[in-house]
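Enquirer:
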Amino acid sequence: MKPKTVDKIATAVIVTFALAIVAILAGLLGFIIFRGIGQISWEFLTSKPQNLRAGGGIGPQLFNSIFLLVLTLIITIPLGWGAGIYMAEYAKPGKITNFIRLVVEVLSSFPSIVIGLFGLLVLVNTFGFGFSLLSGALALAVFNLPLMVRTTEQAFRSVPTAQKEAGLALGLSKWKIITSILLPVALPTMITGTILAAGRIFGEAAALMFTAGMSSPPLDFTDWNPFSERSPLNPMRPAETLAVHIWKVNSEQLKPDAAEIAAGASAVLVIMVLLFNLFARWLGRFVYRRMTAAKRMN
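Under numbering that gives the first Met the number 0, residues 0 to 297 are what the sequence shown spells out, in order.
(1) Is the beta carbon of Ile20 closer than 9 Å to that of Ala266?
(2) Using CA atoms only, rank isn't needed, just tell me which of Phe126, Ile176 and Val141 is closest to Val113.
(3) State the DSSP-derived secondary structure class of Pro2, mapped to helix, strand or coil.
(4) For Asn297, count neighbouring Cβ atoms within 10 angstroms of its own Cβ and tell me buried if that reaches 16, exposed if not.
(5) Given a cut-off of 9 Å, decide if Phe126 and Thr210 are closer than it, judged by their beta-carbon atoms.
(6) When burial is assigned at 16 or more other CB atoms within 10 Å of the CB, is Phe278 buried or exposed?
(7) Alpha carbons only, please: which of Leu241, Ala242 and Ala258 is nearest the one belonging to Asn249?
(8) Who are the near neighbours of Leu268 in its chain, counting only those whose CB is closer than 6 Å to its CB and skipping five residues on each side?
(9) Taking just the CA atoms, how far does Ile32 sit from Ala25?
(10) Please report the distance separating the alpha-carbon of Lys94 from that of Lys1.
(11) Excluding sequence positions up to five away, which residues of its chain have a Cβ less than 7 Å from the Cβ of Pro187?
(12) If I measure Cβ to Cβ from Gly58 and keep anything under 7 Å in the same chain, skipping five residues before and after, which residues do I get?
(13) Can you have a look at Lys254 and say buried or exposed, based on whether 16 or more other CB atoms are within 10 angstroms of its CB?
(14) List the whole-angstrom C-beta distance separating Ser107 from Ala206, where the pair is believed to meet the contact cut-off of C-beta under 8 Å.
(15) Check whether the segment 77 to 91 and the segment 154 to 166 are in contact - that is, three or more C-beta pairs closer than 8 Å.
(16) Would you say the beta carbon of Glu42 comes nearer than 8 Å to a heavy atom of the ligand PLP?
(17) Distance check for Ala262 and Ala53, CA to CA, integer angstroms please.
(18) Under a Cβ-count criterion, where at least 16 other Cβ atoms within 10 Å of its own Cβ denotes burial, should Asn233 be classed as buried or exposed?
(19) Tell me the DSSP secondary structure of Gly54 in three-state form.
(20) Mind checking Thr71: buried by the 16 CB within 10 Å criterion, or exposed?
(21) Starting from Pro48, follow its DSSP beta bridges and name the residues at the other end.
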C-alpha cells in the first residue's frame with residue numbers, strides 16, 4: 000500500500016474517532032440540558048429547596064458550590080503551582096524526586112470516596128473541623144493537587160530551552176527567568192489544569208458527603224460576617240453542594256417532583272461548568288497577552 004494511501008486512511012480514522020467523541024459529548028450535554036432546561040427559572044435558582052412538598056429551588060446549594068470552588072482554588076492554586084514549579088525548575092534528579100513523583104501519581108489514582116473517608120477521619124473528627132466548607136475544601140485540595148502539580152510541571156518543561164538560556168545569557172536571576180520568561184509561556188497550560196481541577200470540584204459528590212455534609216443550615220444572605228453562624232461566608236458551617244443535592248434528591252425520592260428537580264439541578268451544574276470553562280479560557284488568553292505584551296493580529 001502506498002504511503003499516501005496509508006496516511007489518508009490513518010487521517011480518516013483519527014478524524015472519525017474525534018468526531019465520535021465530540022458527538023457523544025454533545026449528545027450527553029444536550030440530553031441533560033434539554034431535560035432540565037424547562038425547570039430553570041430565577042425562582043428555581045434563588046429559592047430554598049422543599050423537603051417533602053413539590054417545588055422549591057437550589058439557591059443555597061448553588062451558592063455553596065461556588066463558594067466551595069473559591070475556597071478550594073485559594074488552597075490548591077498556590078500549592079499546586081508552587082509544587083509544580085519546584086519539581087520542574089528546582090528539584091534535582093534523584094531518589095527523593097522520583098519518590099515525590101511516585102507519591103503524586105499514587106495520590107491521583109485514589110478514588111474520591113477514599114479521600115472523603117480520609118477527610119472524615121482526619122479533618123472532621125481528628126482536627127475537629129466538623130462537617131464544614133473548610134473540611135470539604137481541604138479534602139478536594141488533596142484530591143486535585145496531583146493534577147495541578149503534574150500539569151504545572153509539564154507546562155514548564157514544555158517551554159523551549161532556548162528561552163531559558165537567553166535569560167541566563169542576559170544575566171537574569173532564576174526567579175526572574177521563571178516569572179518573566181517561563182511563566183507567561185506556561186500559563187495557558189497551567190490554567191487548563193486549573194480548569195480541569197475546578198470541573199472536578201463542581202461535580203464531586205462522594206468526598207463532600209463525608210466532609211462538607213449533606214445539609215445546609217438556614218442562611219441569612221444579609222449577614223456577611225464570616226464568623227456568624229448563619230452567614231453564607233462562614234467556612235465552618237455545613238454545606239450541601241449542588242452535586243450532593245442531586246444525588247440526595249434522586250436517592251431519597253421524598254419529593255413528588257424529585258425527578259424534575261434533579262434534572263433542573265443537573266442542567267444548572269452542566270451550564271455552570273461550561274460557563275466556567277469559557278471564562279477561564281478567556282482569562283488565560285487575557286493574562287497571557289498582558290504578561291507577554293502580545294497583540295492581536297488584525
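Using N, Cα and C, we set each Cβ at its ideal position, and we do this for glycine too.
Expert: The answer reads as follows:
(1) no
(2) Val141
(3) helix
(4) A caution first: Asn297 carries a pLDDT of 41, below 50, which makes its placement in the model too unreliable to give a value.
(5) no
(6) Counting of Cβ neighbours within 10 angstroms places Phe278 among the exposed residues, the total staying below 16.
(7) Ala258
(8) Contacts found: Leu241.
(9) 10 Å
(10) Within the model, the alpha-carbon separation for Lys94 versus Lys1 is close to 48 Å.
(11) Gly283 and Tyr287
(12) Leu44, Thr45, Ser46 and Lys47
(13) buried
(14) With 8 Å as the limit, Ser107 and Ala206 do not qualify as a contact, their Cβ atoms being about 14 Å apart.
(15) yes
(16) The ligand PLP is not part of the structure shown, which contains no ligands of any sort.
(17) Spanning the alpha carbons of Ala53 and Ala262 requires a straight line of approximately 14 Å.
(18) buried
(19) Three-state result, Gly54: coil.
(20) buried
(21) Gly55
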